[in-house]
Amino acid sequence: MATSASSRINDFTLKIATVNGTGSASANTLLMKSIFRSGVPVMGKNFFPSNIQGLPTWYEIRVSREGHLARSGSVELMVALNPETYARDVRELAPGGYLVYDSTWPRPVLLSRADVTVLGVPLARMCNENFNGVRTRILMKNICYAGVLAALLNLDPARMRGLLEETYAKKPQLIESNMKALQLGFDYAREHFPCPLPLAIEPMDRTAGHIMIDGNTAAALGCVFAGATVAAWYPITPSTSLMDAFKGFCERLRVDPQSGRKRFAFIQAEDELAAIGMVLGASWNGARAFTATSGPGISLMNEFLGLAYYAEVPAVVFDVQRVGPSTGMPTRTQQGDLMACAYASHGDTRHVCLYPADPAECFTMAAEAFDLAERLQTPVLVLSDLDIGMNDWMCPEFHWDDAYRPDRGKVLSREQIEKLDKFHRYLDPDGDGIPWRTLPGVHPKGAYFTRGSGHTQFGAYTEDAHDYQVVLDRLMKKWQTAKTRVPRALIESAGRQIGIVSVGSTDSAVREALALLAAEGVAADYMRVRAFPFGEEVERFLAEHALVFVLEQNRDAQLRSLLTLETAVEKAKLRSLLHYSGLPVSSRFIVEGVLAELRGRSSAAQPNAVGA
Amino acid sequence: MTFIAKPKVTHPSLPQNALGLTRRAYEGALSTLCAGCGHDSITAAIVEACWRLSLEPQNLVKLSGIGCSSKTTAYFVSGAHGFNAVHGRMPSIATGANAANRRLTYLGVSGDGDTLSIGLGQFCHAVRRNLDMLYLIENNGVYGLTKGQFSASADVGTRAKKGETNLQPPIDPVLLALDLGATFVARGFSGDKRQLVPLIEAGLKHRGFALIDVLSPCVTFNDHEGSTKSYAYTREHYEPAVFADFVPREAPILVDYAPGEAREVALHDGSRIVLRKTGSDYDPTDRAAAGAAVQSRMSCGEYLTGLIYLDPSEARAEFHQVNATPDEPLNALPYEQLSPGSQGLRKILSRYR
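Residue numbers (this note's numbering), protein chains in the order written: chain A, 257 to 868; chain B, 406 to 758.
As structure tokens, then:
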């Protein structure tokens, strides 16, 4: 199966436009998983509305024999099943592409394009003739288009049947009806179109050792393995599935079969203020506790985050970022909370933030977050986003080291307290800025008063200028320690002049863009920051490059702002590439942004042409 | 205003409780409240109740929000951990702390502003969850630290120190708690320690959410003529509905109650509350009647006090029963019981291949 570079075999994007609430998600998952099981690298992204039923929804599947898992920026095969978005869906199709539509009803002539191949399939008519009941007919239409695509793309129907058998293991009656719908579409396509299309799937072996999982599930799994026992939250898109997954795993893994007792507490709070309060109360009392939220929840949690910073209470917060400001677009993705999390709350506050790039890092960073929070006695915010959190990503299979034991940090035992003459909460006996703490119920000599009001290093209330500053300065020393403990930035450097910096979910788009740019003769080094505060390696990368592109998914260049605030980098050499539409960035956007800037520089030598 | 350590004065003849501790062991830092503040009397009642119960100091957890009342947790049981949360958010800290370790005794001290204005939501939800804690409101109808604004518990017609009259109806925590299904609801008066101490003892021992609303006059901003939360007004207008005595588990059964005059209610740990009639036919185990009695007194400008309502069966599931958590505190579960390990991970991930 030799494929030339120009061939579209295992290298195209397929997009399905439907109406939400019609059950298309299972058909789309079936398609993606079939491709994955064919050994071909695949990406699936769901662009869905903040609505229960009736609004437009899209599912984009990118097939990439090279293993690129970001959006390419073009669509070669469009399945346009939503009349409301038909016009723009047809417009989005790349020249030479293929359009599948439901030919049960006449196609609006005005929307046709001469440069694409139009494939009409009477999906509704076939399903109406073969199935009974309105809901069933609607649901089967989805499986029917999956059958059409199976024929067009050369997917193995037996493999798809296997997937249906797994999905409906508990409802076997659904397997036959689904297979019937699949076969209807498959046969129709085989009969009426030249199958397979030039863009099709040929089995490879590039997905072995990989899984398809979403970041929220992965983060929840990380919390289980970290030994978290208290989960408090208030429902908010797109973080809800993280908590649902945690509860699901715990109910499978942590319920005593005899007594029915649960080795976890799962608390649906009255709001995000209470959710973070519960996390602080539980962490203060020695349990590993966490919450998951999104931007609006972070805004509400600010006051408590400040208390946790100042009173030095561990906490783990997952912020699955969505589009702001305000309510924004709850079902679209963005990296808009970087500043809000780094400096959440009034006064001099700063927080440790971790930035996972994919579900694999959601899993590992979840456990790291608890270790850091307890070691540093401070909140740790894990900034995922909707793209990572809610889409299925192809990742190397997760591994767990059975030698792992939670780092509970500096907690005095009963015996240690007994030996003390007197316990003082906020001293720095080890010189790393991290004090020792005690837990309630252990020893009366370990008792202290936790407060957000001014306190001395001995834990007492104060309004004394000097005593207040001693504690504030020691907190800054702890921050320096944090720099040496957080995950390092990932750097791929070959001493080039140009550097690209990214954060989080844009990683795969940048990696593809680097390859595309190299093909254009533009070589660049790459750094992906993985934590705040920035380590010295970040400082060095910025210093070593003459021109640094900072790619991020927000309007205000928040990562660039953090870099200029927290490092010595010269502001002018940081050029922003800002993508804030709410959709995940494509590699094409990055390539075009970089080339435009470089062209602008060579022709007009304009500084600050991009970004600012 | 700084932290002032209270000198520990001990004397060999001071009475000791079952742990061999004197009352001194249950005191805290020196109060920085105004001289004569009702809150200091409540602090003294808490010290007395904890001493009488022979609580291990480290097994008490003191929680509070922001305000004069919330400062008082520093003034008793210095051997207990304290958590001074942000304004109005103490219940969520208490919920998390309780979730982590169900074996400790949780005492929240809050004020009328902290509970009924900024903290109204969290208060209501702690009641709903039947969180196992004693929630004590030091209620003076006024914001002290910000110098005399009305709080949400100020009665209609009450006058502020500067002369303004309150026209908005009060939120009554007792009625609210009754309505939300609280299993122990009481009202006390800081000036009546004999009534208050057994209420605190019973509230600390009650399994589930116990509320004691304590009328606690503010000597600086709300103790003048025309105020319905002054010492003078409260003394004249508080009416005990029932006398409640707390009898610890180990104490012998008392026989000095006349038949028909007293009723015993057993708590889950074997201790008892003895309810003595005051002359009226008040039944503190009837939620609807309790609410009606409170309201009827309130319409006459009077405060019904004492143990207003008690769920005699302690039947409603408290937070940990609802969540089916183990008897062992969650914060003490060994890691091996929490992580499925690498084998478990491989099994879990088989669904994602």
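Positions of the beta carbon are idealized from the N, C-alpha and C atoms, including for glycine.
With H, G and I counted as helix, E and B as strand and the rest as coil, what does DSSP make of residue 865 of chain A? Low confidence applies here, because residue 865 of chain A scores a pLDDT of 38, under 50, leaving its location unreliable; read the following figure in that light. The answer is coil: DSSP assigns residue 865 of chain A none of H, G, I, E or B.
If you run the structure through DSSP and keep just helix, strand and coil, what is residue 451 of chain A? coil
How about residue 550 of chain B and residue 472 of chain B: are their beta carbons less than 8 Å apart? yes
Spatially closest choice to residue 539 of chain A from B:418, B:429, B:505 and B:436, by CA coordinates: B:505
Does DSSP put residue 544 of chain B in a helix, in a strand, or in coil? strand
Please classify residue 626 of chain B: does DSSP put it in a helix, a strand, or coil? coil
Residues of the stretch 602-615 of chain A with Cβ closer than 9 Å to any Cβ of chain B, in chain order: none
Against residue 706 of chain A, what residues of chain C qualify as contacts under a CB-to-CB distance less than 7 Å, listed in chain order? Among the protein chains of the structure shown, namely A and B, there is no chain C.
Complete beta strand (DSSP E) runs within the stretch 536-591 of chain B (minimum length 3 residues, chain order): 538-544
Could you pull out every residue in the same chain whose Cβ sits closer than 6 Å to the Cβ of residue 749 of chain A, ignoring the five residues on either side in sequence? 781
Going straight from the alpha carbon of residue 825 of chain A to that of residue 816 of chain A, what length do you get? 10 Å
Paired residues, beta bridge with residue 479 of chain A - DSSP: Paired residue(s): none; residue 479 of chain A is not in a bridge.
With DSSP collapsed to three states, give me the class of residue 869 of chain A. Any property of residue 869 of chain A remains undetermined from this structure, which presents chain A solely from 257 to 868.
Mapping the DSSP letters down to three states, classify residue 581 of chain A as helix, strand or coil. coil
Below 7 Å on C-beta distance, what does residue 665 of chain A contact in chain B? Near residue 665 of chain A there are no residues of chain B at all, since even the closest Cβ is about 14 Å away, more than 7 Å.
For chain A, check one thing: does any of its Cβ atoms lie closer than 8 Å to the Cβ of residue 747 of chain B? yes
Does residue 754 of chain B get closer than 8 Å to chain A when you measure Cβ to Cβ? yes
What does a CB cutoff of less than 7 Å around residue 829 of chain A pick up in its chain, not counting 5 residues either side in sequence? 802, 803 and 804
Contacting residues, own chain, Cβ-Cβ under 8 Å from residue 534 of chain A (five flanking each side not counted): 486, 488, 523, 525, 545 and 547
Residue 710 of chain B versus B:626, B:599 and B:756, residue with shortest Cα-Cα distance: B:599
Would a check of beta-carbon distances place residue 640 of chain A closer than 8 Å to chain B? no
Short-range partners of chain B found in the stretch 518-535 of chain A, where Cβ spacing is below 9 Å: 518, 519, 520, 521, 522, 523, 525, 526, 527, 529, 530, 531, 532, 533, 534 and 535
Below 8 Å between beta carbons: does that hold for residue 809 of chain A and residue 841 of chain A? yes
Less than 8 Å between the C-beta atoms of residue 350 of chain A and residue 332 of chain A, yes or no? yes
Using alpha carbons as the reference points, say which of A:494, A:352 and A:477 lies closest to residue 744 of chain B. A:477
Contact the stretch 565-585 of chain B vs the stretch 639-649 of chain B: 3+ CB pairs below 8 Å: no
How would you call residue 470 of chain A, buried or exposed, if buried means at least 16 neighbouring beta carbons within 10 angstroms? buried
Report the neighbours of residue 376 of chain B on chain A: residues whose CB is nearer than 9 Å to its CB, in chain order. The shown model of chain B, from 406 to 758, leaves out residue 376 of chain B, and the question about it has no answer.
Going along the chain, which residues of the stretch 475-490 of chain A sit with their C-beta nearer than 9 Å to a C-beta in chain B? 477, 480, 481, 482, 483, 484, 485, 486 and 488
Name the DSSP bridge partner or partners of residue 610 of chain A? A:638 and A:787
Going along the chain, which residues of the stretch 406-423 of chain A sit with their C-beta nearer than 7 Å to a C-beta in chain B? none
Can you give the Cα-Cα distance for residue 412 of chain B and residue 457 of chain B, rounded to whole angstroms? 22 Å
Using 8 Å as the limit for Cβ to Cβ distance, is residue 578 of chain B near chain A? no
Sort A:696, A:849 and A:776 by Cα distance to residue 464 of chain B and report the nearest one. A:696
How far does the beta strand (DSSP E) with residue 467 of chain B in it extend, from its first residue to its last? 465-469
Does the stretch 672-688 of chain A come close enough to the stretch 498-511 of chain A to have 3 or more Cβ pairs within less than 8 Å? no
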